[in-house]
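Quick notes on the structure that follows.
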Amino acid sequence: MKRVLITGIFLSIVFPMIGQTFQPANKSASPLTAKLYNNLFKALPEGILFGHQDDLAYGLGWEYIPGKSCVQDAVGEYPAMYGWELGDLELDAVFNLDSVPFQMMKAYIREGYERNGVITISWHANNPVTGKNAWDISGNAVAAIIPGGEKHQLYKTWLDKVANFMLDLKDSKGDFIPVIFRPFHEFTGNWFWWCQNVCTPAEYQALWKFTFDYLTNTKQVHHLLYAYNPEKFESAGQYMLYYPGDDYVDIMSFDFYQYGDPSNNSDFENTLNKRLGILTELAKKHQKLPALAETGFMNIPYPEWFTKKLMKGIGNHQISYIHLWRDGGLVNGSGQHRFAPSQDHFIPVGRDPSFMDFYKLYISNKFIFGNKVRDLKLYQ
Ligand code: BMA
């Protein structure tokens, strides 16, 4: 008996994930969703899932070509995670704010899931007070949409549309496709109407809890995992300031992009390393999955960014996934907008110089792409 106990204690110290069951925040989460959540914990020692936003829909110089993928073009494998964006769904638009038709998005989500990939969804919702876009910070919008606020009823109609979208995501057997939902992201910035400069922690938490409760209990959406997602933070206390509580969160993440010229300083990798240290400690304490929910260096002007900056910053931190932002081509006439390299990208003529470096990341064995994610059978 004593031996069994000691062996058990030993195993749980060396392999803390073995035998442990992780309950999603939604206590009625569907079996597939609970399986995905637990399997993502089990996969932590296997490597970091690699994700890319809008990967199947378009890249530089192409759009909506069946079977095509930015990441597959680069390395010959699909990504392990597919990110999609709901902005403008609340307006009953046919296309999202980046011109992806919602109907096609649903098909891409099914396609990624059928390949055993993980689906994540963000939502750059319009400002519910002013009617302008997500980057309009005027109008105290969070206070206006939480219970008791003058736009609360409007917000409920928006959530009805989000619920309808989610409830339309079914696999070939009729089961709901699990989704990592990441609303109200980057709230420690100052650019969205839900950011810390225009709402208090109590208002943000009320918004989060209402959103969770309404989708879960009123709309009966049981295939979502919820990702809490600040941008910058310098301490555990700052990370937790807007946290709505363990009962409302499944994934602890943050967004972190490279800006400026990284060739003469180590700021990016040092800060990433520091924040991942804080994140992984907190995730362990709260029994949540740690992840880097958005990252990248727009247009990759420093060709060795993937190995010398991103991989260096990640080091040996065990996180569930990283997610590169979209290859948006020319965005709002403001120039090129891309985050993933590809053999196909001619920048401006000749091969993308960052491609070889990205290939080094690919063969480093630290990351999980489409083939390995298929073998991991995250939904079984
Ligand atoms: C931003 C940019 C925008 C885009 C938005 C939502 O970071 O890529 O061009 O509209 O994300 O996807």
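Using our numbering, you'd call the opening residue of the sequence shown number 37 and step up by one each time. A virtual CB, placed ideally from N, CA and C, is assigned to each residue, including glycine.
Contacting residues, own chain, Cβ-Cβ under 6 Å from residue i (five flanking each side not counted)
i, result
"F131", "P137"
"N407", "E113"
"S390", "I336, P339, P377"
"L260", "V215, F217"
"D90", "R362"
"W194", "E126"
"L412", "A79"
"N75", "L414"
"Q416", "none"
"S289", "A263, N265, A327, A329"
For residue i, the residue or residues it bridges with in DSSP
i, result
"L203", "Note: L203 sits in no beta bridge, so no partner."
"I84", "F403"
"Q9", "Lying before the first or after the last residue shown, residue 9 is absent from the chain, which here runs from 37 to 416."
"P214", "According to DSSP, which records beta bridges pairwise, P214 is partnered with nothing at all."
"F131", "P137"
"H322", "Bridge partners of H322: none, in fact."
"Q89", "G119"
"W99", "Note that residue 99 is Glu in the sequence shown here, rather than Trp. DSSP, once it has assigned bridges, lists Y94 as partnering E99."
"L360", "H88, T331"
"F292", "T331"
"P219", "W159"
Straight-line gap, residue i to residue j (C-alpha atoms, nearest Å)
i, j, result
"I182", "P280", "14 Å"
"K402", "I355", "11 Å"
"D124", "L133", "6 Å"
"L72", "M392", "32 Å"
"G313", "F292", "14 Å"
"F86", "L397", "10 Å"
"R410", "S64", "26 Å"
"L175", "E186", "The displayed chain sequence assigns Gly, not Leu, to residue 175. The straight-line gap from Cα to Cα measures roughly 11 Å."
"T166", "D172", "8 Å"
"L122", "A329", "16 Å"
"F248", "K310", "30 Å"
"A93", "G273", "39 Å"
"A70", "L243", "24 Å"
"N163", "D297", "33 Å"
"H88", "Q189", "34 Å"
"G103", "G184", "47 Å"
"N417", "Y264", "With the chain covering only 37 through 416, there is no way to say anything about residue 417."
"E147", "M140", "10 Å"
"G225", "P266", "8 Å"
"S400", "G153", "20 Å"
"H221", "K268", "11 Å"
"K345", "I287", "24 Å"
"F342", "Y357", "15 Å"
"F246", "V178", "11 Å"
"T254", "A199", "10 Å"
"Q294", "S158", "20 Å"
"Y278", "G332", "25 Å"
"P32", "S302", "Outside the shown range of the chain (37 to 416) lies residue 32, about which nothing can therefore be said."
"K168", "F228", "11 Å"
"Y275", "L366", "34 Å"
Own chain partners of residue i with C-beta closer than 8 Å, once the 5 adjacent residues on each side are dropped
i, result
"D283", "A61"
"F405", "F86, V107, V111, E113, Y114, P115, A116, Y398"
"Q323", "F58, D282"
"F394", "A110, V111, F342, A376, P377"
"H258", "N62, S64, A65, S66, T69, F212, T252"
"G83", "N401, K402, F403, I404, K408"
Sequence-distant residues of its chain with Cβ nearer than 7 Å to residue i (five each side left out)
i, result
"Y149", "I155, D207, I213"
"D204", "K142"
"H160", "E121, G123, L133, A170"
"K348", "E305"
"V385", "The pLDDT assigned to V385 is 49, lower than 50, so where the model puts this residue is not dependable, and the model offers no usable value."
"S299", "Y338"
"W98", "K104"
Residue i CB to nearest heavy atom of the ligand GTP below 8 Å
i, result
"Q89", "The ligand GTP is not among the ligands present in this structure, which contains only the ligand BMA."
Below-9 Å beta-carbon distance, residue i vs any chain C residue
i, result
"S289", "Considering every chain present, this structure includes no chain C. It has just one protein chain."
Original post:
Which runs of the alpha helix (DSSP H), 4 residues or longer, sit entirely within the region 142 to 205?
Top reply: Within the region 142 to 205, the runs of alpha helix (DSSP H) that reach at least 4 residues and sit entirely inside it are, in chain order, 177 to 181, 188 to 203.
Subject >> In chain order, each beta strand (DSSP E) run of at least 3 residues that lies wholly inside the region 235 to 288 >> reply: 260 to 264
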